[in-house]
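Here's the structure we're looking at; comments come further down.
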Amino acid sequence: MIDIILAILSTIGALSILFASIGVLRMPDFYLRLSVTVKASTLGVGLLLICAAIMFPDDVSVTTKSIAIIFFLFLTAPIAAHMIGKAAYFTGTPLWKGTIVDELKGMYNKETHCLESDPKKAHEDPEAECKQLKDQATD
727 MIDIILAILS TIGALSILFA SIGVLRMPDF YLRLSVTVKA STLGVGLLLI CAAIMFPDDV
787 SVTTKSIAII FFLFLTAPIA AHMIGKAAYF TGTPLWKGTI VDELKGMYNK ETHCLESDPK
847 KAHEDPEAEC KQLKDQATD
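Here my numbering is used: the first residue of the sequence shown is 727, the next is one more, and so on.
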């Protein structure tokens, strides 16, 4: 029974990683490629690590390391992808020509590097709100 579970989980994990690699080739812009690869590869690697933990039930170190890697992978991969996407957007990486909505357009002040919730505020008084945010962060 365990062999069947391992076969199913490892197949789903490998297919997920395969879909991530196909997504890199098929998606039209950087942001979609980033989204597909992070989601699918995180799931695939997580499933393969679960298989490793199930395969070696007597070895506590393998199970512990697998759980720790899964935890840190699921914790750090989405955050890293968000930061990479944000940096790409702020440096001007172009969106796909079929993009319908750009929710950040006009909300980023390039002088102060602050992101505003209201596009009108982004260029009115750039120093005031950004300074407040920086002061709150240092407190």
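All C-beta atoms, glycine included, are put in the ideal place defined by N, C-alpha and C.
Values in this document were obtained by computation on a predicted structure and should not be read as measured data.
Residue closest to residue i, alpha-carbon to alpha-carbon, out of the options
| i | options | result |
| --- | --- | --- |
| leucine 830 | Cys777, Leu841 and Trp822 | Leu841 |
| phenylalanine 816 | Val827, Leu769 and Thr838 | Thr838 |
| aspartate 755 | Trp822, Gly832 and Val788 | Trp822 |
| leucine 769 | Phe798, Lys791 and Thr789 | Phe798 |
Status (buried if at least 16 other CB within 10 Å, exposed otherwise) for residue i
| i | result |
| --- | --- |
| leucine 801 | exposed |
| glycine 824 | exposed |
Cβ-Cβ distance between residue i and residue j below 8 angstroms
| i | j | result |
| --- | --- | --- |
| serine 742 | leucine 773 | yes |
| isoleucine 731 | isoleucine 780 | yes |
| valine 764 | methionine 753 | no |
| serine 736 | cysteine 777 | yes |
First through last residue of the alpha helix (DSSP H) which encompasses residue i
| i | result |
| --- | --- |
| threonine 789 | 786 to 816 |
| phenylalanine 782 | Note, phenylalanine 782: premise wrong, no alpha helix (DSSP H); not H, not E. |
| threonine 737 | 728 to 752 |
Rounded separation between residue i and residue j - CA only
| i | j | result |
| --- | --- | --- |
| isoleucine 810 | leucine 744 | 22 angstroms |
| arginine 759 | glycine 749 | 6 angstroms |
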